[in-house]
Structures are given as C-alpha cells and as structure tokens.
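Undergrad:
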Amino acid sequence: MAAGTAGNGSPTVLVFGDSLSAGFGIDVDQSWTALLQSRLEEQGYEHRVVNASISGETTAGGAARIDAALGDFSPDLIILELGGNDGLRGFPPASMKANLVTIVRQSQASGAAVVLLGIRIPTNYGPRYTREFEDVYRQVAAELDIDWIEFFMDGVAMNDELLQADRIHPNAEAQAILLENAWPIISATLDDAL
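The following block contains the structure:
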C-alpha cells in the first residue's frame, strides 16, 4: 500500500480498487493514484492518498476487507474502483451489486464519502450480461446517492498505444488520462466536504 507524502495527521483519500488502480505492470510512482497525490498537493488539498488496491481483486474480496481498511486508515474519501474482475469472470451482476452496496454502506457508516468509478467489459460477453453489468454502477450510485463516472477507462480501452501488451491494463502513458477521468468527481466530493 502506497501512501502519499502528506503527514499522517492529514485527511485520507483511500483508493480501493483492483489492478487498474494498483499500478499493475508499471512503476507505482507513475500510477494515476500517485498522480492524484501530486494533483491534490498542487491544488492546495492537504489530503494524503493511500492506495489499498490489489491486482485481481473482486467485489467480494473488497467487501471482505473493507472493515479492516476503514479501521486502518480512517479515510475521509474512498475512491471505489472494483467490478472489472467480476465481469471478466462472468460473476452474476446481482452479486457484484450486493458487494458494492456493502462496501459503500460500510464506508458511509464510518463517515467516509464515496465516489464510484464505473467499468465496462468486452462485448463478447453478450449484450444482456454486458448491459446488466454496466447497469450495476448506475444503480448503486443512484440508490446510495454517490457521485460516479460511467467509464473509468474512457479514452484508454481499445487504444493499443495506451495499453500494455495484454491489451487490458493501461500503460504509464494512460495514467494521466485515468486521473482526468476521475478528477471531476473526486474534487467535487472533496469540496463538498469542506
């Protein structure tokens, strides 16, 4: 888990995701979460970024460890980026939704604000599954009244110049785009809390 340079007394932004946020295959200092720490400092926020993302993580894994993460870091904001591995494994969207709801509710109960980064999956999973999968993010955000973005990988997915050789994970050049995709809801939520 990588923390930013701000002091331990600073309010905490917890990134709770999978390989897309864990910096899989790149230097962690190049990851969008490291860029987020720099952006916060440049914009005058005192928050430190703690990255509790794990490559391969599913929503079930996230639901199982959210209590420990809340206890360890007492975050003021949680950036929730999970679900991609559920989709790639064909897990039921209803189960994925239940897990995300658990994570968000427990986070909110601890006093943390939450923003949700939506993910899309390849179309070869079929139109019905794809639609149900993508609808989960919309439903969770609406039911729990949190800010979200529809597609965290917008402008990166399907662009070979921005992907690693596996054509799944974003490369170092893509990280600034990921930050720009997420930044509007992150900054708005932080500002609302001030």
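Heads up: the sequence shown runs through residues 12 to 205, numbered per my numbering.
Each residue gets a CB set at the ideal place from its N, CA and C atoms; glycine is no exception.
If you drop the 5 nearest sequence neighbours on each side, which residues of the same chain put their C-beta closer than 7 Å to that of Phe-144?
TA: Taken in chain order, the residues that qualify are Gly-98, Pro-104, Ile-132.
Undergrad: Who does Ala-124 pair with in a DSSP beta bridge?
TA: Bridge partners of Ala-124: Leu-88.
Undergrad: Looking at C-alpha atoms only, which residue of Leu-46, Phe-84, Ile-89, Val-24 is the closest neighbour of His-58?
TA: Measuring from the Cα of His-58, the nearest candidate turns out to be Val-24.
Undergrad: For Gln-54 and Leu-81, I'd like the C-alpha separation in whole angstroms.
TA: Using only the alpha carbons, I get a separation of about 26 Å.
Undergrad: Would Val-112 and Val-151 qualify as a contact pair, given that the criterion is a beta-carbon distance under 8 Å?
TA: Cβ distance < 8 Å, so Val-112 and Val-151 count as in contact.
Undergrad: Decide if Asp-38 is buried, meaning its Cβ has at least 16 other Cβ atoms within 10 Å, or exposed.
TA: Burial call: exposed.
Undergrad: Use the C-beta contact count for Ala-199: other C-beta atoms within 10 angstroms, 16 or more gives buried, fewer gives exposed.
TA: Classification of Ala-199: exposed, given that the 10 Å Cβ count is below 16.
Undergrad: Val-61 to Arg-50, Cα distance in whole Å?
TA: In a straight line, the C-alpha of Val-61 is about 14 Å away from that of Arg-50.
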